[in-house]
Amino acid sequence: RLQASKKDAEKPWMPPGSLDIDPSKPHRKPSNSCKRIHNDMLKCYEKSRCYKDGASFEECLNSNDADYVGSECVWLRKGYAQCRRDLLNRNRIWQRGNRAA
7 RLQASKKDAE
17 KPWMPPGSLD
27 IDPSKPHRKP
37 SNSCKRIHND
47 MLKCYEKSRC
57 YKDGASFEEC
67 LNSNDADYVG
77 SECVWLRKGY
87 AQCRRDLLNR
97 NRIWQRGNRA
107 A
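Each position in the sequence shown, counted from 1, maps to that position plus 6 in our numbering.
This is how it looks when you write it as structure tokens:
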């Protein structure tokens, strides 16, 4: 009979040929989460004239007036929307490359 050693009983099962997970190394986060462009967009809208004049965030976000919210904010909003679309449709990544990275 084969008996599993105590050390083998503590380790989770892994497929043959897999490398052991090193707990001392943190796992990397995916770069395609659109978080960076999302944060840049939020900061841009908070600095915009629209938001400073007391309009709601949703009102500023839905405005396409580049003089009122700033052209950079409009472009960041469009870039964020495109990044989210690319996350949903992975085939586009192969066509154009990952925009989030």
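All C-beta atoms in this analysis are idealised placements derived from N, C-alpha and C, irrespective of residue type, glycine included. What you are looking at is a predicted structure, and each value in this text was computed from that prediction instead of being measured.
Look up residue i in the DSSP assignment and say whether it is helix, strand or coil.
i, result
"Asn95", "coil"
"Cys89", "helix"
"Asp46", "helix"
"Trp19", "coil"
"Ala61", "coil"
"Cys79", "helix"
"Asp73", "helix"
"Cys66", "helix"
"Asp26", "coil"
"Cys40", "coil"
Relative to the alpha-carbon of residue i, which residue among the options has its alpha-carbon at the smallest distance?
i, options, result
"Cys79", "Cys89, Arg90, Leu67, Gln88", "Leu67"
"Asp46", "Val75, Arg90, Tyr57, Arg83", "Arg83"
"Ala72", "Gly60, Ser62, Gly85, Ser54", "Ser54"
"Arg42", "Leu94, Tyr86, Tyr51, Asp59", "Tyr86"
Assuming residue i and residue j make a contact with CB atoms under 8 Å, what is their CB distance in whole Å?
i, j, result
"Ser69", "Cys56", "6 Å"
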